[in-house]
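Structure record follows, encoded as structure tokens.
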Amino acid sequence: MFNSLKLFRHTHPTVVKPRRIRQRRSPIILFLMLLLWSLVLGWGLAQATETTPGTIDVIAPRYELGQDLYLENCATCHIGVPPGIMPTESWRQILQDPEHYGIQLPLLVDPPRLLVWDYLGQYSRPEAEGEQIPFRIEESRYFKALHPRVELLQPTRLGSCISCHPSAEQFNFRSLSPEWEDAP
1 MFNSLKLFRH THPTVVKPRR IRQRRSPIIL FLMLLLWSLV LGWGLAQATE TTPGTIDVIA
61 PRYELGQDLY LENCATCHIG VPPGIMPTES WRQILQDPEH YGIQLPLLVD PPRLLVWDYL
121 GQYSRPEAEG EQIPFRIEES RYFKALHPRV ELLQPTRLGS CISCHPSAEQ FNFRSLSPEW
181 EDAP
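Position one of the sequence shown corresponds to residue 1 (the numbering used here), numbered consecutively onward.
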């Protein structure tokens, strides 16, 4: 029997499993992979947010029709003024007055008037306490704050905006002429 055991061992050798060598991942490789992933993710996010809207404010979908009606009714004769330039009370009085800076205009009627008012009311600014309600942009404290180094003509004409804002006719006041592009 002893011989048969020997014979069995020779004919059926014990299978020895090779030892697995545990490979440790190098911290440098892990760091480089993390860095590469971060760069790709950062670049993708930068590309997604690179485009800036032409208008001063990003308009919520609820107010887009009001903005369209505002531009359709007001920006056909002159450049559309961003609502934030004037206080809400200025816009309310402008919408209710058929005498528009010396020109007789038909008043907007509902529902377009309500849509325009919702848009202007949402994106205009509140008047400061004790502030005299401005009816011309050169009287607006907010307009003056946005243009501290600009010498304004008296009276300021809306058409003069184009000299510094070449895309103002498209209601884009973010693009500036080259002389103002890098101005502090």
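All residues carry an ideal CB built from backbone N, CA and C; glycine is no exception.
Note that the structure is predicted; figures quoted are calculated from it, not measured.
Return the bridge partner residues of Arg125 from the DSSP annotation. Indexing the sequence shown from 1 puts residue 125 at position 125. In the DSSP assignment, Arg125 is bridged to Pro87.
By how many angstroms is the C-alpha of Arg141 removed from the C-alpha of Gly84? Counted from its first residue, the sequence shown places residue 84 at position 84. Counted from its first residue, the sequence shown places residue 141 at position 141. Each residue's alpha carbon lies about 11 Å from the other.
In angstroms with no decimal places, state the Cα-to-Cα distance between Ala168 and Gly121. Counting from one through the sequence shown, the residue named residue 168 turns up at place 168. Counting from one through the sequence shown, the residue named residue 121 turns up at place 121. Distance between the alpha carbons of Ala168 and Gly121 is about 21 Å.
Leu105 versus Trp43, Cys74, Leu30 and Glu64, residue with shortest Cα-Cα distance: Taking the first residue of the sequence shown as position 1, residue 105 is located at position 105. With distances taken between Cα atoms, Leu105 lies closest to Cys74.
Measure the CB-CB distance between Pro125 and Pro87 and report whether it falls below 7 Å. Reading the sequence shown from its first residue, position 125 is the one you call residue 125. Reading the sequence shown from its first residue, position 87 is the one you call residue 87. Residue 125 is actually Arg in this sequence, not Pro. It is a contact, given that the beta carbons lie within the stated cut-off.
Between Tyr119, Glu131, Ile133 and Trp180, which has its C-alpha nearest Pro148's C-alpha? In the sequence shown, the residue the question calls residue 148 occupies position 148. The option with the nearest alpha carbon to Pro148 is Trp180.
Roughly how many angstroms separate the alpha carbons of Ala128 and Leu39, rounded to a whole number? Numbered from 1 along the sequence shown, position 128 holds the residue referred to as residue 128. Numbered from 1 along the sequence shown, position 39 holds the residue referred to as residue 39. Rounded to whole angstroms, Ala128 and Leu39 show a C-alpha spacing of 46 Å.
Under a three-way DSSP split, which group does Gln132 fall into? Taking the first residue of the sequence shown as 1, we reach residue 132 at position 132. DSSP places Gln132 in the coil class of the three-state scheme, outside both helix and strand.
In this structure, how does DSSP classify Ile59 when only helix, strand and coil are distinguished? Here residue 59 is taken as the residue at index 59 of the sequence shown, counted from 1. Reduced to three states, the DSSP call for Ile59 is coil.
Nearest-angstrom Cα separation, counted from Leu107 out to Asp68: Start at 1 with the first residue of the sequence shown, and residue 68 comes out as number 68. Start at 1 with the first residue of the sequence shown, and residue 107 comes out as number 107. Distance from the CA of Asp68 to the CA of Leu107, rounded to the nearest whole angstrom, comes to 17 Å.
Given that a residue counts as buried once 16 or more other Cβ atoms are within 10 Å of its Cβ, and exposed if not, what is Gly80? Residue mapping note: residue 80 aligns to position 80 of the sequence shown, counting from 1. The residue in question, Gly80, is buried, as its Cβ has 16 or more Cβ neighbours within 10 Å.
Using the Cα positions of Ile133 and Asp97, report the straight-line distance between them to the nearest angstrom. Locating residue 133 in the sequence shown gives position 133, where the first residue counts as 1. Locating residue 97 in the sequence shown gives position 97, where the first residue counts as 1. In this structure, the alpha-carbon of Ile133 lies about 15 Å from that of Asp97.
Based on the DSSP output, what are the partners of Ile29 in its beta bridges? By one-based count along the sequence shown, residue 29 stands at place 29. Looking at the DSSP assignment, Ile29 forms no beta bridge with any residue, so it has no partner.
With a threshold of 16 other CB atoms inside 10 Å of the CB of Ser90, please say whether the residue is buried or exposed. For the purposes of this step, residue 90 is taken as the residue at position 90 of the sequence shown. Ser90 should be labelled buried.
Please confirm whether Leu34 and Leu115 have their CB atoms less than 7 Å apart. Position 34 of the sequence shown, counting from 1, holds the residue named residue 34. Position 115 of the sequence shown, counting from 1, holds the residue named residue 115. Not a contact, by the Cβ cut-off of 7 Å.
Looking at C-alpha atoms only, which residue of Ala145, Arg113, Leu146 and Phe143 is the closest neighbour of Leu95? The residue you call residue 95 lines up with position 95 of the sequence shown. Per the Cα distances, Arg113.
Per DSSP, the bridge partner or partners of Gln104: As a first step, residue 104 must be located in the sequence shown, where it is residue number 104. Note: Gln104 sits in a beta bridge opposite Glu99.
Let me know if Trp117 comes out buried or exposed under the rule of 16 or more other beta-carbons within 10 Å of its beta-carbon. Walking along the sequence shown from the start, residue 117 turns up at place 117. Flag for Trp117 reads buried.
Pull up the distance between the alpha-carbon of Arg164 and that of Ser175, whole angstroms please. Locating residue 164 in the sequence shown gives position 164, counting from the first residue. Locating residue 175 in the sequence shown gives position 175, counting from the first residue. The amino acid at residue 164 is misidentified as Arg; the sequence shows Cys. The alpha-carbon atoms of Cys164 and Ser175 are separated by roughly 9 Å.
For a test of the three-state rule: what should DSSP assign to Ser163, helix, strand or coil? Against the sequence shown, residue 163 aligns to sequence position 163. DSSP, reduced to helix, strand and coil, places Ser163 within a helical segment of the structure shown.
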